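So for the sequence shown, the UniProt record's numbering puts the first residue at 1; every next one is plus one.
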Amino acid sequence: AAQTAEAVRQLRCAARRLNGALHTYRPLVDTAWADQLRAELSWLSGTLAREYAYAARLDRLLGALHRLASDGGAAGGGEPPEGGAGGGTGTGGGGSSGGSGGGPGALPMGAARAGALLERQLRLARTRAHSAALQALGSSRFHAVADAVAVLASEAPLTSDEAAGQAAPVLVPLAEQAQRRLLEAVDALPLARAEAPYNAEALARSLAAEAQQDAAWHQVRLLLRLHRYAEEVLLWGSGSGDGAGEDAPAPGSDPRLAPASAALDRHRDAAEAAAAAAAAARTPRIAPATAYALGVLHADQRHDVEAARFAFGRLWNAKPPGSEKG
């Protein structure tokens, strides 16, 4: 199982990297061909990612529930469930987690039922994603993508003689464009507020506004990834090495990029976990204690969104090593 997960992760990462390179260096190749291949790579990486994303989200939410409940029942332990409400959709106990027993590690009733509801919903989503991934890997569509990638090195449809010449004169300007897009997107973020500890910016909006508020940060995350992948292509083009790992900075690149990218990954994970908790709280006929626990869980994840923004702001505004003037 571990080997399978690692193989899927590597396939996912390779698809993302190739997709990112085609996005940045699209003017050098036939655009219709590049757009079609990018669409197929996006489909492949997205399909393979969903199963693991649901599993990670469930682990994150259940871990947060246990952490919150261990602090004195803050996640719903102080409010007993309504009689008869346990038969409602999504609130029935599942195994040992459904009760309010007093054994070590036992969750209060509201938190236990919230955990059971989340587990039921996210396990179902993960099962469906797993089936979709298996179907995708056995499909003719996947084999067509694999064939297209296999012949890419020798038959890339370059659009000009310049693209077939020296790498640096054609690659560097396009990589700089990717960097400018990133810098412009970061400049649009409210970093001055995000850098203030306990600013409550991530909790100050309504549920309806959360997705809109998070969108700018998610866009920066994607642009930062594209910038890192563009730098890796420059590294390969210069013959300086074999590229960087998923979380490692390319040699000679800005060392802030990898930790800043990790902070934005944490932001994305926390925002999606908060959305899952909010969606579970909208399940019809759940007990008040269950809804309360999910509300506390949602707020906890939004606090993590705020912490990730704070971490990104501190990382981004730190001076890169060697930038100080003597």
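Just so it is clear, CB atoms sit at the ideal spot from N, CA and C, and this is done for glycine as well. Treat the numbers as computed from the prediction; the structure is a model and nothing was measured.
Proximity below 8 angstroms, CB of Leu18 to CB of Leu297 | No.
How many angstroms separate the CA atom of Glu51 from the CA atom of Arg57?
-> When rounded, the distance between both Cα atoms is 10 angstroms.
Return the CA-CA distance between Ala311 and Glu155, expressed in angstroms with no decimal places.
-> Between Ala311 and Glu155, the C-alpha separation is close to 43 angstroms.
Euclidean distance between Cα positions of Glu184 and Ala262 | The straight-line gap from Cα to Cα measures roughly 20 angstroms.
State the DSSP-derived secondary structure class of Leu158, mapped to helix, strand or coil.
-> Reduced to three states, the DSSP call for Leu158 is strand.
Bridge-paired residues (DSSP) for Gln29 = The residue asked about is misnamed: residue 29 is Val in this sequence, not Gln. Per DSSP, Leu158.
Can Leu171 and Tyr25 be called in contact, C-beta distance under 8 angstroms?
-> Their beta carbons are under 8 angstroms apart, which means Leu171 touches Tyr25 by this criterion.
Assign Pro104 to one of two classes, buried (16 or more other C-beta atoms within 10 Å of its C-beta) or exposed (fewer than that).
-> In this prediction, Pro104 has a pLDDT of 43, which is less than 50 and means its spatial position is unreliable; nothing more can be read from the coordinates.
Residues near Leu28 by beta carbon distance below 7 angstroms, same chain, minus five either side | Apart from the 5 residues on each side of it in sequence, Leu28 sits with its Cβ closer than 7 angstroms to the Cβ of Leu158, Thr159, Ala163, Val170 in its chain, given in chain order.
Apart from the five residues on each side of it in sequence, which residues of its chain come closer than 8 angstroms, Cβ to Cβ, to Gly243?
-> Because Gly243 carries a pLDDT of 48, less than 50, the predicted location of this residue cannot be relied on, and no value is offered for it.
For Ser139, does the three-state DSSP call read helix, strand or coil?
-> Note: Ser139 maps to coil in three-state DSSP.
Relative to the alpha-carbon of Ala307, which residue among Leu134, Ala168, Ala194, Ala175 has its alpha-carbon at the smallest distance?
-> That would be Ala194, whose Cα lies nearest to the Cα of Ala307.
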